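Student:
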Amino acid sequence: MKKTVHGTQYSVLSFLLVLVGVTLSPAQQALTKHGPAAAPELPANVVTLASPSPLYEVQIMVRAGSAEDPRGKQGTASLLGRMMLEGGFGDPKYPVTKEKLAEITRPWGEAAYPQVRVEKETTTFSMTVPRDAFPQFVARVLKPMFTQPLFLQAELERIRKEALVGIRSNLRFEQQEQLGLLALDDYVLQGTAFGHLAQGTVEGLQAVTRDDLQAYYKQNYHAPDMFVAASITDPGTLKLLLSSLPTSAGGPPESRRTKATTPTLTGHRLLIITQPNAIATGLHLGFPIPVRRGDPDYWPLFVANVFLGVHRDSFGRLYKDIREERGYNYGDYSYIEYYAARPYALFPPPGTPRDQQYFSMWIRPVGHPYAHFILKAMTWELDNFIKNGMTREQVEAAKQKARTLYLNYADSKGRQLGYRLDDMFYGMKDHAYLVDMLANIDRLTAEQVNAAIKKYLQVANLKYLIVTSESMAQKLADDIATDSNVQSKTPAEYHISEPAPPEKQKMLAQDEEWKAYKLKIPRENITIVKAEQMFESSAIPGVK
Amino acid sequence: MKHLSLGAAVCLLLLALSASAQVVPQRRSVLAHKPAKPPAKFFPYPIYERTLGNGLRILIVPTPEFKNMVSYTTPVFAGSRNETEKGKTGLAHLFEHIMFRHEYNGVAGGYQDMMDRLGCYNNAFTSYDITFYHPFTFAQNLVGPVQTPQGPAPGVIELEASRFKDLKLDQKTFQVEAGAVLGEYRRIYSFPAQKMIEQMSPVAFPNHPYGHTIIGYLDDVEKMPQAWDAAWQFFRNYYTPNDVALIVVGDVNPHHLFPAIEKAYADWKPVPTPKIPTPHEPRDEKPVHVDWEAEVAPRLMVAYHTPAFHPGTPESAVALVLDELLTSRSAPLYQKLRYQKQSVTSFATYTSPVSTDPHWMLLGAELSLERFQKDGAKYVDEVRYDIVNGTEALKNFSKDPNAARTLEVIKSKVKNDFLAQWDTTDSIAETLATFYRFNRDPHVLDTLLQSVEELQPADIDDYAAKYFNREGRLVGTLWHGPQPPDTAPKKTEVR
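Chains as they are written, first to last, in our numbering: chain A, 1 to 544; chain B, 1001 to 1495.
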C-alpha cells in the first residue's frame, strides 16, 4: 500500500538519491556535474522531489524574517508567523480558528497541522499530508490560511503573552546553553538589522499591533517572492498547491529587501551574562565572515571546520582536546554558518539560510573554576589552527567525515526539501547543495583548505560571550582582564597517577601553554549583564 | 523537526523495555532467508528475521528508497531500569558513553578511529528500559575490508561485533568519560522539568529503579569515576546476545548480510540476565515541590501510575492514544487550559507509555508568572484542579455522544503519525526496536496498530477508571520560593 512506485515521479528524486552512492564511484561522481533534472515547466521558485510515501511533504519559504521587523516592533515577523496559523483565517463569519484547524487536520496526522519557523531572513511553513487528503487540505487549510488571514485580536494577545514568557522565563532563566547561543547571535550581529532575536524583544513584542501584522503580511507574503519545495510531482496537484499562495499582496521590490550589512568588530570584547542558577559556565566566541553557500571558498572552509569542531561529534579537535582527553564538559564545537535549533538539533535544520554569516565557537558549560582556563584554551586552539593549518592526512580525514555528514543532512525527504529551499535562497538552484556536496568535498585539496583557513579565520578581532552564575561574574571579569587566577584541573583531578605517562605529560605541558596564552581583553571591553536585561530591546545594556 | 504529539511519544518509545529479563531459549540458526511471516499489513517494508545459536536475534529491513544508506542498530534491552544497586545510578547511560571508547585491535580510540575512517555517523541513546546504538553509514561499509582514503578498514559489522563481544578499555579512559557525564548532568539540570522529574521519581517509585532518572543522581554521577567495577558488572549482566538484537534498516540485501553477521557474532557467549523485581509501590505520596533559584514561570506536574506496556492489548492501545485525548491541540483539557482559560502557556505529556514495568504518565504545565505573582499558589491549585478533573473525566469518555467519532479520527491520526515518522532509516529501526523487545515479534507494529484499530470508547472509560484516580496520583510544583504551607496542593479529592 505505502511504497508503490509512482511512475515518472522518480525523476528528480532518483537522481538525488543516486548521488548518495557517489561515495566511491567515479562514474557516479560524474553525474553531479549535470545538476538536478528539474521539470522544465516549473516556475523558478518551485522545486519538486518525487517520493514513494503515501504522504506529501510541502515546505514554503517567505523571503522575510525578523530583519524586516519595523523599528521598535521587533517580533512582528515572529508573531505574524504564528498568527497565520492560529490567528484565524477564511470567511470572517465562520473563521477557521486554531481549534477548527486542529479539528480539520487531526485525522491526517500531527504533521498536517502546519509548522512555522521564523528566522532572521526567512519564514518557513512546513506540513505533511496524506495524498488522498491533499485537495481537501488545500481548500480548507492552505489556501484560506495564506490568502484570507484574519489576525484576530484576541489571538494576538494570547500569542504575544506566550512569546513574552518565552523570553522572560524560558530563555533567560531555564536554558543556559540556548541563552548563550542566541545572545551570541545578537552580540556578533549588533548594529545591523539582524541584531535582535528572531522571536522579538520584550519591548518590541509589546508594541506590535494588528495593523503592523497586516502591513508586514502585505509587503512580504507574495507568491512570486516565495519559494516552494514539495514531494509532489503530479502536475495537477502541484498546480493546486501553487494556487494556494497569496497573489494580491504587493510584495517588496528587490531593492527594498533588507541587505546584509556586515557588522564591524575591532579588538577583543567580552559580554558576561549572569544567571542566578547557573551551575556551570558556558563559553562562546564569534566574528563575521563573508563566506556563504555558493562561494568558492565555502567547501574548503566547511572541511576545515569539520576538523576543528564539527557539531555534536567526537571527531573535532576541540572536542578531542577539551572533552575527550580532559573531561571538562559535554562538547566543544565550531561553526562557519548560523546553526539554528541548538542545543537540541544534532544536524543543522535546513530552511534557515542567511546572507550574513559568522564564524563561532561553542564550549558547553564547564565547572566555574575552569572558565578562565578554557577561555584561553579555546582561543589558543583557534590561533594554533590558523598558524599551523592542517596536514594532508588531516584534510583527507576531515573530508571523509564531511562526506559522512551528507548522510545525516540528506537522511529524510523533509531535509532534502529544506535544502532545496535554501538553494533557491542562495541562488544555487542549479548547483544544489546536497546534490553537489560529495563531489565538492572530493575535489578539495589540502592547499585550498589551508588557504581558506588563513584567509577567513583570525584571532585579532573577537567577540566573546560567557554565561555564568551571578556570584562568579565580577571575579571572572577581573581575572580575565588581569590575566590572573587561571585554574586547570590538577593531575589528581585528571586521574593521572605518578609518574605521569608520556602522553599525559604532554597533555599537562599543553595545559601550561594554554595558561600562559594571553587573551588581551581589557577590563573596559568587558560588560556584565544580568539575564533579565537581555533581549529587552535591540540594545544590550552597556554594549555600544 | 516535526512536533508530533502522539508521534513524539512514539519517538520517545525508545524508552521501551526488556520485557522478559529471563534468558531467551537458545535456538538453532534459521537458515531460510525469507520474511518470517506473510507480508505486513501496515508496516510498509518486509522484515527478514534470523536467530543465531547464542540467542542473538537479527532483523533486516530492506528500504531501497534510502539509496545506499543503512542504519546498523543494536538495541540493548537494558537501561536505567536495570540499575538496582544503591549509589550506582546512571551506569546504563555511562556505559553508553564507554562503548565508544573501545580499543579495537588493542589501539586506544581504535574503534572510533575506524568508524571515522569508514565515514560512519555513530551515536546512541539511553532510556529507562533500553540502550540504543545506531551507527548510520553508506551501505558498502558494512562488510570489510573497506578501502578508505586513510587505508583499509574493517566493516561496520566487524567493528560493532568487536565492541559488544569483547569490549576493551583502560581505567583512565573510563574515568575521563565519567567526567564527561557530569558535564551532561549539568547541562540537563538547567531545565526545570528535569529537576521536577528527578525529585518526583523517588517519591513515586521508592522501591523500583524508575525512582531515579536515566542520567542518575548527582552524587552518583560525581562518583562515577570510581564506579569501574560496578560498570563492568553492568556490562557483563546485560550486554549479552540474548538481551540484545540487531536491527538493520536500509538499502541492503539480507541474503548477503546474514552470513557476514553470523560470522562476526556467532562466538559471542550468552549469560543469564538478572531479573528486575517489580515491587509494589506505595500510593500515599506526598506532594513534591522544587524551589527554583530564579524567578521563572511556575510549573505544575500531575502524574498517574500506569501499567506496563503489552503490545496488542486494549490497555496498551489506550495508552497510545492518551496523549491525543489529553494534551493534543484537539483535546478538551488542552483547549480549556491553553485557549479558553489561558491559565497555562504549555501543556504536554512528558513520558512514554511504552514501559517495561508499571511506570507513570506525567502531564506538565507551564503557568503564567504574572498571574502567579498576583494570585500565588491558589492559582496553581486551580490549574491542578482542572488537570485532575479533566484527566479523571476520561472514565466517562464513552458517554460523550461524539465519542465514537472522536475515537475514529484519533485512530486515523495515530496511523498517519506512524507513517510520517518513518522518514529515515534510523527512525524505522528505533520504532521497531521499541516494540520488538516485548515479545520478539517482528510483526509487532501490525499487532499494535490492529489493537488501536479495534479500540472502543468503553476501553478508554475502563482504563481511566482503573488508573486515573486519587490513589494513583502524584502532584509536583516548581517556582521561585518555598511551597506555602496553607495553599499546598492537598491530597483530597478535588471534585
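All C-beta atoms in this analysis are idealised placements derived from N, C-alpha and C, irrespective of residue type, glycine included.
These figures come from a predicted structure and were not determined experimentally.
If distances are taken between C-alpha atoms only, which option among L1407/B, H1310/B and D1400/B comes closest to D1323/B?
Tutor: The shortest Cα separation from D1323/B among L1407/B, H1310/B and D1400/B belongs to L1407/B.
Student: Helix, strand or coil for L1056/B per DSSP?
Tutor: Reduced to three states, the DSSP call for L1056/B is coil.
Student: Give a yes or no on whether the minimum CB-CB distance between P1154/B and chain A is below 8 Å.
Tutor: Not closer than 8 Å to any Cβ of chain A, the Cβ of P1154/B fails to qualify, so no.
Student: Which residues in chain A sit within 8 Å of P1149/B, going by Cβ to Cβ distance?
Tutor: Simply E396, A397, K399 and Q400.
Student: Which residue wins for smallest C-alpha separation from W299/A, given the options L270/A, E337/A and T264/A?
Tutor: Ranking L270/A, E337/A and T264/A by Cα distance to W299/A puts E337/A first.
Student: Going by DSSP, name the residue or residues bridged to K463/A.
Tutor: Paired residues: R269/A and G286/A.
Student: For L382/A, I'd like the list of residues in its chain whose CB is within less than 6 Å of its CB, leaving aside the five on either flank, ordered along the chain.
Tutor: So the qualifying residues of the chain are V459.
Student: Starting from I1215/B, follow the beta strand (DSSP E) in both directions and report where the run begins and ends.
Tutor: Taken as a continuous stretch (DSSP letters only), I1215/B belongs to no beta strand (DSSP E), as it is neither H nor E.
Student: Since F1100/B meets chain A, which of its residues come closer than 9 Å, beta carbon to beta carbon?
Tutor: Correct list: S314.
Student: According to the neighbour-count rule (16 or more other Cβ atoms, all chains shown, within 10 Å of its Cβ), is H1280/B buried or exposed?
Tutor: Looking at its Cβ environment, which holds fewer than 16 other Cβ atoms inside 10 Å, H1280/B is exposed.
Student: What residues from the stretch 1286-1302 of chain B come within 8 Å of chain A, judged by C-beta to C-beta, listed N to C?
Tutor: Those would be W1292, E1293, A1294, E1295, V1296 and A1297, in chain order.
Student: Counting only Cβ-Cβ distances shorter than 9 Å, please list the residues of the stretch 266-281 of chain A near chain B, keeping chain order.
Tutor: Answer in chain order: Q275, P276, N277, A278, I279 and A280.
Student: What residues from chain A crowd round L1369/B, counting only those whose CB sits closer than 9 Å?
Tutor: Within 9 Å Cβ-Cβ: V165, R168 and S169.
Student: Counting only beta-carbon separations shorter than 8 Å, does P1482/B have a partner in chain A?
Tutor: No, P1482/B lies away from the interface with chain A (no Cβ there is under 8 Å from its Cβ).
Student: Between A377/A and chain B, is there a C-beta pair that is closer than 8 Å?
Tutor: It does not: the Cβ of A377/A has no partner Cβ on chain B nearer than 8 Å.
Student: Evaluate contact between the stretch 377-391 of chain A and the stretch 497-517 of chain A, counting only Cβ atoms and requiring at least three cross-stretch pairs below 8 Å.
Tutor: Segments in contact, yes.
Student: Could you work out which residues of chain A lie near T1424/B, taking near to mean beta carbons separated by less than 7 Å?
Tutor: Going along chain A in sequence order, the residues near T1424/B (Cβ under 7 Å) are D411 and S412.
Student: According to the neighbour-count rule (16 or more other Cβ atoms, all chains shown, within 10 Å of its Cβ), is T1278/B buried or exposed?
Tutor: Classification of T1278/B: exposed, given that the 10 Å Cβ count is below 16.
Student: Given that a residue counts as buried once 16 or more other Cβ atoms are within 10 Å of its Cβ, and exposed if not, what is T1431/B?
Tutor: Counting Cβ neighbours within 10 Å, T1431/B comes out buried, since at least 16 surround it.
Student: At the level of alpha carbons, what is the spacing between Y433/A and N485/A?
Tutor: Rounded to whole angstroms, Y433/A to N485/A spans 47 Å at the Cα level.
Student: Would DSSP call S1427/B helix, strand or coil?
Tutor: Helix, per DSSP.
Student: According to DSSP, is R342/A helix, strand or coil?
Tutor: Reduced to three states, the DSSP call for R342/A is coil.
Student: Whose Cβ in chain A lies nearer than 9 Å to the Cβ of V1409/B?
Tutor: Here the neighbours are E103, R106 and P107.
Student: May I have the straight-line CA-CA distance separating D1375/B from E1366/B, to the nearest angstrom?
Tutor: Between D1375/B and E1366/B, the C-alpha separation is close to 15 Å.
Student: If you measure from the CB of Q1147/B, is any heavy atom of the ligand MG nearer than 7 Å?
Tutor: Inclusion of the ligand MG in the displayed structure is not the case, the ligand content being empty and no account of it being possible.
Student: Whole angstroms is fine: what's the gap from K33/A's alpha carbon to K73/A's?
Tutor: In this predicted model, K33/A has a pLDDT of only 37, less than 50, meaning its place in the structure is not dependable enough to derive any value.
Student: Specify the secondary structure class of K1168/B as computed by DSSP and reduced to three states.
Tutor: Three-state DSSP puts K1168/B in coil, outside helix and strand.
Student: Please specify which runs of the beta strand (DSSP E), each continuous and at least 3 residues long, are wholly inside the stretch 207-248 of chain A, giving them in chain order.
Tutor: Runs found: 226-230.
Student: Taking the C-alpha atoms as reference points, what is the distance between I480/A and K376/A?
Tutor: For I480/A and K376/A, the distance between alpha carbons rounds to 9 Å.
Student: Kindly indicate the opening and closing residues of the beta strand (DSSP E) around I60/A.
Tutor: Run containing I60/A: L55 to V62, per the beta strand (DSSP E) assignment.
Student: Inspect the CB distances between the stretch 1165-1185 of chain B and the stretch 1438-1450 of chain B and report whether three or more fall short of 8 Å.
Tutor: They do not touch, by the three-pair rule.
Student: Would a C-beta distance cut-off of 8 Å place T76/A and Y216/A closer than the cut-off?
Tutor: Yes, the pair counts as a contact, with Cβ atoms nearer than the cut-off.
Student: Give me the DSSP bridge partner(s) of G1250/B.
Tutor: Beta-bridge pairing links G1250/B to P1062/B and V1070/B.
Student: Go ahead and label L346/A buried or exposed: buried means 16 or more other beta carbons lie within 10 angstroms of its beta carbon, across all protein chains shown.
Tutor: L346/A is exposed by the Cβ-count criterion.
Student: Between K218/A and L80/A, what straight-line distance do the alpha-carbon atoms span, to the nearest angstrom?
Tutor: For K218/A and L80/A, the distance between alpha carbons rounds to 11 Å.
Student: If you run the structure through DSSP and keep just helix, strand and coil, what is Q968/B?
Tutor: For residue 968/B there is no data in the structure shown, the boundaries of chain B being 1001 and 1495.
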